[in-house]
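**Student:** My questions will all concern the structure given below.
Protein chains: 2
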Amino acid sequence: MPATLKDIAKKSGFSVTTVSRALSGYDDVNPGTREHIVTIADELGYQPNHSARQLQGQKTHTIGLVIAPPAHNPDDDFYSLLLKGLTYAAAHSGYDILASAPAADATELDVYQRIVGSKRVDGMVVARTNRDDRRIAYLQSVDCPFIVHGRAAPDATSNFHYIDVDSQQGIMAVTQHLLERGHTHVGIILPAEQFAFSQYRQAGYMAALAAYNIMFRPEYCAYGTLTLDSGYTAACQLLSQQPQLTAIVGCNDWMALGAMKAVNEAGYTIGKDFAVAGYDDIPAAAHASTSLTTVRQPIYAIGEMLIARLLTIINDDPTTFHQTLIEPELVIRDSSGG
Amino acid sequence: MPATLKDIAKKSGFSVTTVSRALSGYDDVNPGTREHIVTIADELGYQPNHSARQLQGQKTHTIGLVIAPPAHNPDDDFYSLLLKGLTYAAAHSGYDILASAPAADATELDVYQRIVGSKRVDGMVVARTNRDDRRIAYLQSVDCPFIVHGRAAPDATSNFHYIDVDSQQGIMAVTQHLLERGHTHVGIILPAEQFAFSQYRQAGYMAALAAYNIMFRPEYCAYGTLTLDSGYTAACQLLSQQPQLTAIVGCNDWMALGAMKAVNEAGYTIGKDFAVAGYDDIPAAAHASTSLTTVRQPIYAIGEMLIARLLTIINDDPTTFHQTLIEPELVIRDSSGG
DNA sequence: AAATACATCCGAAGCGTTTCGGAAATATCA
DNA sequence: TGATATTTCCGAAACGCTTCGGATGTATTT
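Line by line, the protein sequences are chains A and B. Position 89 (the first sequence) corresponds to 89 in this note's numbering; numbering is contiguous. Position 207 (the second sequence) corresponds to 207 in this note's numbering; numbering is contiguous.
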């Protein structure tokens, strides 16, 4: 069993109070006795009990992240990269990450209530915003500091702090890139409408078309669940129903990779007589059979920003909303003709 | 501020003791009053304070994972996938994951001491075993339950619970696969010797050669740091110094992808006049420019197993060591000739 | 010399929970 | 009817820490 303040007190001859104050740097303790106490603490390998500290209302130096149910999408890198990025960024500021997920019969909201209700974290980061997001409503109702990666849908107000990538601009850039290459029939595979970001991506696509005076056709839009398989299925459907298409943009890289597979099977040569582009720039994109033109989201840097921003929210409690939009970067590779 | 037992006590007219006992299912409370208390608790959105519980010596229902410094390898998927896998698996059993990393000036061991010393977790999972691993020595010295993904080097004893993939067998299988295809000069890119698993991989390579009566040549071995770039560099070196090579196995997929790049640049056609194979089966492997023959480590399933095993260790404190070796699966793709 | 300041220390309360050891009221037995 | 169980409840202590409000003794001031 680990050493407690009481152990140090006994061994040093001072009171628990003095030991506590010596160790936490108060200036009303004699330098000599402080040294003495610190020495003993080191000998005993003292580590302050985290729970006892928290019970006093101290900060937990922990921030929470709950990740969506796994069934949702097994090979989706998003949460794994975010988790790792947040962990590093948090460590850099002396914080830890409490990661959790809903158990079989629970909802994401249940987990939020458990984590923040039990006072285990100083703040939360929430990702993958939904329309009318109940997680955000809950966090606001209990006044728990949080930062959102993403923002509300364009038709809703985002009355919270967020950092988002300007995916409208990103999809517009990649779509325009395809249009520039002469493609006039460009399909798109969108994420499920439940996600707030879905609409921004569609808007970006439409803006690009408009800039080129090309009419928007709803039948050029298909929907996927962010997985490779769903991208494949959606692309197969597009290709069979809209054979005039010569390009497809996938709203994330996995769906784009699935689309590439479908396009290949349909007999096209990607990068020559058909273009495919993605979004995210996951590690696999650069090394794909035909390297994937895509839009880079600097997930690591975003992790850093999220943590930094959340810490200022926790410590300064700003009254005005911090809302940042990051410009994504178009990464041109072979799948759009290089 | 969240409701406490005292609030419920006041509102219900019962004592804190009774409220506590009612809520945690003791049978010495009248069914009627229990119902009454539960109703009020729900109304108030009561969530037990986690710290207060822990202070009573309760289980934390949290398990810790500390991930290695980021500088080590930015595009290494290992920890991110492990983290996500563990989080899901833990959630399934009602556990959370506390993820941390060393800050700039700290070592991994420092983080272990802080996390377990402050009593924040019921157990730890440690990954990427080193030779003479100090983390393991520490955990043993403080009697903290832990499970290792990996095991000690072959020349050391593994006196702890572990789950490992039989990478010796895996590398042997993939090497033999190349030898079967008629390659007689097969190079290998090994991980740094600091890692316990490095030796198993080398042993697997040597065993495969021995089975084919081919002499082992140390000059066919290069070393990398698990990154794509390091694989590229190592392969360039091998190719220039050992031009007779017709195959290279990388000890992880990223190094193999780097090797593929070097091989391509050297003018070979991968899968035809040169073979490359990897290890891990990361998502990018299947979608690489030439799909990568590799050995699959079921990282998700391993996450499940690690958690399940760790929980039995925490709850049952077994005296004998649980040690499991998983047979990896050879995945043959185009980079070795299909 | 008395009054005041300063340096150094400590007792006790409190954070929210669990749990031990009863206590009071009611039911069951002889 | 008195003794004994049973049911239902609760007070108080404890977990390890922080912090408020002194207390004690020494140094400085007038």
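Built from N, CA and C at the ideal position, the CB exists for glycine as well.
Could you give the residue range of the beta strand (DSSP E) that holds Ser100 of chain A?
**Tutor:** Here the question's residue 100 of chain A lines up with position 100 in the first sequence. First-last of the beta strand (DSSP E) with Ser100 of chain A: 96-100.
**Student:** Is the beta carbon of Gly278 of chain B sitting closer than 9 Å to the one on Asn252 of chain B?
**Tutor:** By 1-based counting over the second sequence, the position of residue 278 of chain B is 278. By 1-based counting over the second sequence, the position of residue 252 of chain B is 252. Result yes, Cβ atoms of Gly278 of chain B and Asn252 of chain B sit closer than 9 Å.
**Student:** Tell me the residue span of the alpha helix (DSSP H) that contains Glu35 of chain B.
**Tutor:** Numbered from its first residue, the second sequence carries residue 35 of chain B at position 35. Where Glu35 of chain B is concerned, the enclosing alpha helix (DSSP H) stretches over 31-43.
**Student:** Kindly say whether Asp42 of chain A, judged by its beta-carbon, lies nearer than 9 Å to any beta-carbon of chain B.
**Tutor:** Counted from its first residue, the first sequence places residue 42 of chain A at position 42. No, Asp42 of chain A lies away from the interface with chain B (no Cβ there is under 9 Å from its Cβ).
**Student:** Skipping 5 residues on each side, what residues in its chain have a beta carbon closer than 6 Å to that of Ser167 of chain B?
**Tutor:** Stepping through the second sequence from its first residue, residue 167 of chain B is reached at position 167. Excluding positions up to five away in sequence, the list reads Phe197, Tyr200, Arg201.
**Student:** In terms of residue numbering, what span does the beta strand (DSSP E) encompassing Ile65 of chain B cover?
**Tutor:** Position 65 of the second sequence, counted from the first residue, corresponds to residue 65 of chain B. Per the sequence shown, the amino acid found at residue 65 of chain B is Leu instead of Ile. That run of the beta strand (DSSP E) goes 62-66.
**Student:** Could you have a look at Val165 of chain A and say whether DSSP puts it in helix, strand or coil?
**Tutor:** On the first sequence, position 165 is the one that residue 165 of chain A refers to. Strand at Val165 of chain A.
**Student:** Looking at the C-beta of Lys119 of chain B, does it have a partner C-beta in chain A at a distance below 9 Å?
**Tutor:** Residue 119 of chain B sits at position 119 when you count from the first residue of the second sequence. It does; some Cβ of chain A falls within 9 Å.
**Student:** Interface residues of chain B around His92 of chain A at Cβ under 7 Å?
**Tutor:** Numbered from 1 along the first sequence, position 92 holds the residue referred to as residue 92 of chain A. Within chain B, the residues near His92 of chain A are Ala103, Ala104.
**Student:** Pair every Cβ in the region 238-246 of chain B with every Cβ in the region 186-196 of chain B, then say whether three or more of these pairs are closer than 8 Å.
**Tutor:** Yes: the two stretches touch, three or more of their Cβ pairs being nearer than 8 Å.
**Student:** Which residues of chain B have a Cβ atom closer than 8 Å to the Cβ of Ile63 of chain A, listed in chain order?
**Tutor:** Within the first sequence, residue 63 of chain A is the residue found at index 63, counting from 1. Simply none; closest approach about 10 Å.
**Student:** Going by beta carbon distance, what residues of the same chain come within less than 6 Å of Gly303 of chain B, once the five residues before and after it are set aside?
**Tutor:** Residue numbering aside, residue 303 of chain B sits at position 303 when the second sequence is read from its first letter. Here the set comprises Gly85, Leu86, Ala89.
**Student:** By alpha-carbon positions, which one of A:Ala284, A:Thr246, A:Met255, A:Ala256 ends up nearest to Gly267 of chain A?
**Tutor:** By 1-based counting over the first sequence, the position of residue 267 of chain A is 267. Among A:Ala284, A:Thr246, A:Met255, A:Ala256, the Cα nearest to that of Gly267 of chain A is on A:Thr246.
**Student:** Taking contact to mean 3 or more Cβ pairs, one atom from each stretch, closer than 8 Å, check whether the region 110-127 of chain B and the region 47-62 of chain A are in contact.
**Tutor:** Touching, yes, given that three or more Cβ pairs across the two stretches are closer than 8 Å.
**Student:** Return the residue from the list A:Ile214, A:His322, A:Gly258 that minimises the CA-CA distance to Ala234 of chain A.
**Tutor:** Against the first sequence, residue 234 of chain A aligns to sequence position 234. Ala234 of chain A has its Cα closest to that of A:Gly258, out of A:Ile214, A:His322, A:Gly258.
**Student:** Output the distance between the C-alpha atoms of Arg21 of chain B and Asp28 of chain B, rounded to the nearest integer angstrom.
**Tutor:** On the second sequence, position 21 is the one that residue 21 of chain B refers to. On the second sequence, position 28 is the one that residue 28 of chain B refers to. Arg21 of chain B and Asp28 of chain B: Cα-Cα distance of roughly 8 Å.
**Student:** Assuming Phe321 of chain A contacts Phe146 of chain A under a Cβ cut-off of 8 Å, what Cβ separation, rounded to an integer in Å, is found between them?
**Tutor:** Here the question's residue 321 of chain A lines up with position 321 in the first sequence. Here the question's residue 146 of chain A lines up with position 146 in the first sequence. Not really, about 12 Å apart at Cβ, beyond 8 Å.
**Student:** Cβ-heavy atom distance between Gln54 of chain A and the ligand MG below 8 Å?
**Tutor:** You won't find the ligand MG in this model; it holds no ligand whatsoever.
**Student:** In angstroms with no decimal places, state the Cα-to-Cα distance between Ile332 of chain A and Met172 of chain A.
**Tutor:** Within the first sequence, numbered from 1, the residue matching residue 332 of chain A stands at position 332. Within the first sequence, numbered from 1, the residue matching residue 172 of chain A stands at position 172. Those two C-alpha atoms are separated by around 14 Å.
**Student:** Quick one: grab the DSSP three-state call for His149 of chain A.
**Tutor:** Here the question's residue 149 of chain A lines up with position 149 in the first sequence. Correct three-state label for His149 of chain A: strand.
**Student:** With C-beta atoms as the reference, is Ala41 of chain B less than 9 Å away from Val19 of chain B?
**Tutor:** For the purposes of this step, residue 41 of chain B is taken as residue 41 along the second sequence, with counting starting at 1. For the purposes of this step, residue 19 of chain B is taken as residue 19 along the second sequence, with counting starting at 1. Contact: yes.
**Student:** What separation, rounded to the nearest whole angstrom, lies between the Cα atoms of Ser141 of chain A and Asp132 of chain B?
**Tutor:** Working through the first sequence from its first residue, we reach residue 141 of chain A at position 141. Working through the second sequence from its first residue, we reach residue 132 of chain B at position 132. C-alpha separation (whole angstroms): 50 Å.
**Student:** Kindly list, in the order they appear in chain A, the residues whose Cβ is closer than 9 Å to that of Ile67 of chain B.
**Tutor:** Taking the second sequence and counting its residues from 1, one reaches residue 67 of chain B at position 67. In chain order: Lys84, Thr87, Tyr88, Ala91.
**Student:** Using a beta-carbon distance below 9 Å, is Val111 of chain A in contact with chain B?
**Tutor:** Along the first sequence, read from residue 1 onward, the residue named residue 111 of chain A stands at position 111. True, the Cβ-Cβ gap to chain B drops below 9 Å.
**Student:** Would you mind giving the Cβ-Cβ distance between Ile37 of chain A and Ile63 of chain A, rounded to the nearest angstrom? I have them listed as a contact below 8 Å.
**Tutor:** The sequence position of residue 37 of chain A within the first sequence is 37, counting from 1. The sequence position of residue 63 of chain A within the first sequence is 63, counting from 1. Actually they do not touch by this definition, with Cβ atoms about 32 Å apart.
**Student:** Give me the chain B residues within the contact set of Tyr79 of chain A, using Cβ-Cβ distance strictly less than 7 Å, ordered along the chain.
**Tutor:** On the first sequence, residue 79 of chain A is found 79 positions in, with the first residue counted as 1. Chain B residues near Tyr79 of chain A: Lys84.
**Student:** Assuming Ala9 of chain B is part of the alpha helix (DSSP H), what are its boundary residues?
**Tutor:** To locate residue 9 of chain B, count along the second sequence from 1; it is residue 9. First-last of the alpha helix (DSSP H) with Ala9 of chain B: 5-12.
**Student:** Helix, strand or coil: which one does DSSP assign to Ala247 of chain A?
**Tutor:** As a working mapping, residue 247 of chain A is identified with position 247 in the first sequence. Correct three-state label for Ala247 of chain A: strand.
**Student:** Using a Cβ cut-off of 7 Å, which residues of the region 256-286 of chain B contact any Cβ in chain A, in chain order?
**Tutor:** Listed by position along the chain: Leu257, Pro283, Ala284.
**Student:** Whole angstroms is fine: what's the gap from Asp346 of chain A's alpha carbon to Pro328 of chain B's?
**Tutor:** Because chain A spans 1 through 338 in this model, residue 346 of chain A falls outside it and cannot be assessed.
**Student:** Are Phe14 of chain B and Thr39 of chain B close, meaning C-beta to C-beta below 9 Å?
**Tutor:** Residue numbering aside, residue 14 of chain B sits at position 14 when the second sequence is read from its first letter. Residue numbering aside, residue 39 of chain B sits at position 39 when the second sequence is read from its first letter. No. Outside cutoff.
**Student:** From the beta carbon of Tyr46 of chain B, is the nearest beta carbon of chain A less than 9 Å away?
**Tutor:** Taking the first residue of the second sequence as position 1, residue 46 of chain B is located at position 46. Answer yes: the Cβ-Cβ gap between Tyr46 of chain B and chain A drops below 9 Å somewhere.
**Student:** I'd like to know whether the C-beta atoms of Tyr232 of chain A and Ala262 of chain A end up nearer to each other than 9 Å.
**Tutor:** Along the first sequence, read from residue 1 onward, the residue named residue 232 of chain A stands at position 232. Along the first sequence, read from residue 1 onward, the residue named residue 262 of chain A stands at position 262. In this structure, Ala262 of chain A lies closer than 9 Å to Tyr232 of chain A by Cβ.
**Student:** Given that Arg114 of chain B touches chain A, what residues does it touch there, using C-beta distances under 8 Å?
**Tutor:** Position 114 of the second sequence, counted from the first residue, corresponds to residue 114 of chain B. Those are Gln47, listed as they occur along chain A.
**Student:** Since Gln323 of chain A sits in a beta bridge, which residues does DSSP pair it with?
**Tutor:** Indexing the first sequence from 1 puts residue 323 of chain A at position 323. Answer is A:Tyr162, bridged to Gln323 of chain A.
**Student:** Fully enclosed by the region 166-250 of chain A, which alpha helix (DSSP H) runs are 4 residues long or longer?
**Tutor:** Listed in chain order, they are 167-180, 196-211, 228-241.
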